[in-house]
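Have a look at the structure below before the remarks.
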Amino acid sequence: MKSENTKRPVVFSQVDVLDLDSGNKETKNLLVQDETLRVTNDQDWPEGSLVYDLKGHLAVPGLLDIHVHLREPGGEESETIATGTAAAARGGFTGVVSMANTDPVIDTPQDVRYVLERAKEAGKARVHPIAAVTMGLKGKQLTEMFDLADAGAVAFSDDGMTIMNAEVMRRALEYSSMLDKVIVTHAEDCHLKGQGVAHEGYMSTKLGLRPIPRAVEEVIVARDIRLVELTGGRVHVAHVSCASTVTMIREAQSRGLRVTGEVTPHHLVFTDQALATYDTNFKMAPPLREEEDRLALIQGLKDGVLQAVATDHAPHAELFKDTEFDAAPNGVVGCETAFAALYTALVEPGLLDLKTLVRRMSLDPAAVLGIDHPGLRDGAKANLTIIDLDGTWDVKAADFVGRSANSPWIGSTLRGLPRFTVEGGDVIFKDGHTSQAVEEALTS
Ligand SMILES: [Zn+2]
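See below:
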């Protein structure tokens, strides 16, 4: 299904276009017609255009989230491809990269095609599927990576599980490098982690929660960097949580190794201090760590050691999360709040500049996985997000577009709200409550 605006040209007038190199803003009019974006000073719209007067709103390249769990097939009580991509569009994302740990696992070309078809039917954020590295995520037998790539897999990952066998990981890196694809590594040593549920430190001791030391992440990242060195492959470290991991990736990059990393909004904003209330919306894998880790993650994002913000959007229906901390599943939803959460927590206080945040949520993650991003350019394919930096949101569970509301931002006030999301020329999200927006269909 296409949005209602498909046929008519759409104009966003008087928006501030953010230059991602200089950080400067320039007021322009944007015309979206036949999938193409025009960036102009003209006020001459084609007849019948839908015109939105968006003075003071910010226009940026469409955001891309390279780590989401859409739960379909098999987990439709928590999310579907349709609801997950609608949630993403609401968060300003024109595209998402979906993980393979569904039921069944995305480990055959038919599975990849299924995800692509369902996403196309939904007509919201575009989905770039990741396929499994090993059959059934069992960590033993490699998938048919060449066929999976042919079917449309953009990368490979057993995310949710760690590939514990280094020999399997070695071969995965060898095959994927022939395809020039990335292996996204979920870096948690499952034996060392055991039954751990919280970062090992003062808080886990105080609260009586089974601990997860930083070494759980460090040993896998160290191993994978060594295997990149051995194979010439490419590893992308998912959801980096430790200061020490940032240091390892930085060092690997300085030696020219093809290692990249991403960080989630929740690891950039919260620490294990948030566990004091045993709220299961702060339980995730890897766990929230300490302030020194959080500051190192922000620095890594600033420096570009971590190229991407990725949400690890992990919907869980209330019936699963509404239980004691030990028993609750890991993960939180993230797409709908990501930009606003980071604008509020990092950009407004001056910890990160706006252009860097936008870069790490759009062009840079696209480059990590080799996904084509047209950018926000005159004559390019229309793929953009329009943000109301002054817009505020008192986040409540009932507000979520996605099927689950397991968000650590419930109760927070966020600023910087995506108002329009445009993918492939279609308006895939439009905030109905934009007070500044004046919608007028010009009559001929
Ligand atoms: Zn993961």
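Each step along the sequence shown adds one to the number in the UniProt record's numbering, with nothing skipped, and position 345 is 345.
By construction, the Cβ of each residue, glycine as well, lies at the ideal position given by its N, Cα and C atoms.
Here the structure is a predicted model, which is why all the values come from computation and not from measurement.
Through-space distance from residue j to residue i, alpha-carbon basis
i, j, result
"I386", "M135", "40 Å"
"E200", "L148", "38 Å"
"D390", "H57", "9 Å"
"V219", "R8", "54 Å"
"K2", "S98", "For K2, the pLDDT reaches just 45, beneath the cut-off of 50, and the residue's location in the model is therefore unreliable, although a value from the coordinates is still provided. Straight-line Cα distance between these residues: approximately 21 Å."
"E35", "D426", "7 Å"
"L50", "V10", "5 Å"
"L319", "P46", "51 Å"
"D53", "E76", "38 Å"
"M145", "V259", "20 Å"
"G411", "A405", "12 Å"
"K354", "G92", "Here residue 354 turns out to be Leu, not Lys, going by the sequence shown. For L354 and G92, the distance between alpha carbons rounds to 15 Å."
"V309", "H69", "15 Å"
"R403", "E292", "34 Å"
"H373", "A340", "22 Å"
"V235", "F156", "10 Å"
"D394", "P365", "29 Å"
"G232", "D312", "27 Å"
"A238", "G48", "45 Å"
"Y343", "R360", "12 Å"
"T443", "T83", "Since pLDDT at T443 reaches only 35, below the 50 mark, its modelled position is unreliable, and no value is offered."
Residue(s) in a DSSP beta bridge with residue i
i, result
"K430", "F420"
"P211", "A198"
"S13", "D53"
"F156", "A131, I183"
"S98", "V68, P129"
"L352", "DSSP, once it has assigned bridges, lists no residue as partnering L352."
"F93", "L63"
"L414", "W393"
"V228", "The partner list for V228 (beta bridge, DSSP) is empty, contrary to what the question assumes."
"L288", "Partner(s): none; L288 has no beta bridge."
Buried versus exposed call for residue i [16 or more other C-beta atoms within 10 Å across all chains shown]
i, result
"K381", "buried"
"A441", "Its pLDDT being 38, under 50, A441 is placed unreliably in this model, and the value from its coordinates should be taken loosely. Exposed, by the Cβ-count rule."
"M203", "buried"
"T392", "exposed"
"V15", "buried"
"T205", "exposed"
"E4", "Summary for E4: the model assigns pLDDT 49, below 50, so the residue's position carries little reliability; its value from the coordinates is reported in the next sentence. Flag for E4 reads exposed."
"D180", "exposed"
"A398", "exposed"
"L230", "exposed"
"C190", "exposed"
"R255", "exposed"
"D224", "buried"
"A327", "exposed"
"G160", "buried"
"T277", "exposed"
"M178", "exposed"
"R113", "exposed"
"R377", "exposed"
"T413", "exposed"
"E251", "exposed"
Near ligand 1: residue i beta-carbon under 7 Å from a heavy atom
i, result
"A131", "no"
"H186", "yes"
"H239", "yes"
"G334", "no"
"G160", "yes"
"D390", "no"
"D426", "no"
"D312", "yes"
Extent of the continuous alpha helix (DSSP H) to which residue i belongs
i, result
"Y202", "202-207"
"L342", "338-342"
"G123", "Counting along the chain, G123 falls outside any alpha helix (DSSP H), and DSSP gives it neither H nor E."
"L148", "145-151"
"A166", "166-178"
"G369", "A small fix is needed here, since residue 369 is Leu in this sequence, not Gly. Taken as a continuous stretch (DSSP letters only), the alpha helix (DSSP H) holding L369 covers 363-369."
"residue 528", "With the chain covering 1 to 444 only, the question about residue 528 has no answer from this structure."
"H191", "190-193"
N-terminal and C-terminal residue of the beta strand (DSSP E) that residue i is part of
i, result
"A59", "58-61"
"D394", "383-394"
"E291", "That residue, E291, is in no beta strand (DSSP E); its alpha helix (DSSP H) goes 291-303."
"K28", "25-33"
"T40", "36-40"
"E318", "Careful: E318 lies outside any beta strand (DSSP E), inside the alpha helix (DSSP H) at 318-321."
"G261", "259-263"
"H236", "235-237"
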